[in-house]
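In our numbering, the protein residues as written are 96 to 228.
C-beta: ideal position from N, C-alpha, C; glycine also.
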């Protein structure tokens, strides 16, 4: 029983310390300041993914947009475009969603989600027609 109580107290202590000393935004600030670091891309991607999974879509969209702006080509580009499009739609930011879809279809015509992205682009163009060039 003593071990159980000790374990619970240690777990609570770790949670308390973590909640008081760790700010998630600091990780994204680190990625912004250290863009040349090999950790910058994964930090931005997984930071955006964490925001996405916690339904903080504006912050997720910002993280994915910044990742694609800072690193237009890279390992996380295809994945970031996929999630950027989804977060932009959830935020009702139709131009950003359209831009992400068009870029995905153009740059990754044989990508993992290419067919899905083409169909989403068709639906978006039908439901929310953009300006005709």
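Query - Limits of the alpha helix (DSSP H) - the one that residue 220 falls within - result: Walking along the chain shown from the start, residue 220 turns up at place 125. From DSSP, the alpha helix (DSSP H) with residue 220 extends over 209–222.
Requested in this report: Alpha carbon to alpha carbon, how far is residue 187 from residue 198? Give it in angstroms, no decimals.
Outcome: If you number the chain shown from 1, residue 198 lands on position 103. If you number the chain shown from 1, residue 187 lands on position 92. Between residue 198 and residue 187, the C-alpha separation is close to 18 Å.
Requested in this report: To the nearest angstrom, report how far apart residue 185 and residue 131 are at their CA atoms.
Outcome: The residue given as residue 185 occupies position 90 in the chain shown. The residue given as residue 131 occupies position 36 in the chain shown. Spanning the two alpha carbons is a distance of roughly 31 Å.
Query raised in the report: Can you tell me where the alpha helix (DSSP H) with residue 154 in it begins and where it stops?
Result: Here residue 154 refers to the residue found at position 59 when the chain shown is read from its first residue. Looking at the DSSP string, the run of the alpha helix (DSSP H) that includes residue 154 is 152–165.
Query - For residue 155 and residue 145, the rounded distance between their alpha carbons - result: Counted from its first residue, the chain shown places residue 145 at position 50. Counted from its first residue, the chain shown places residue 155 at position 60. C-alpha separation (whole angstroms): 8 Å.
Query raised in the report: Is residue 108 helix, strand or coil when you go by DSSP?
Result: In the chain shown, residue 108 corresponds to position 13, counting from 1. Residue 108 falls in the helix class under three-state DSSP.
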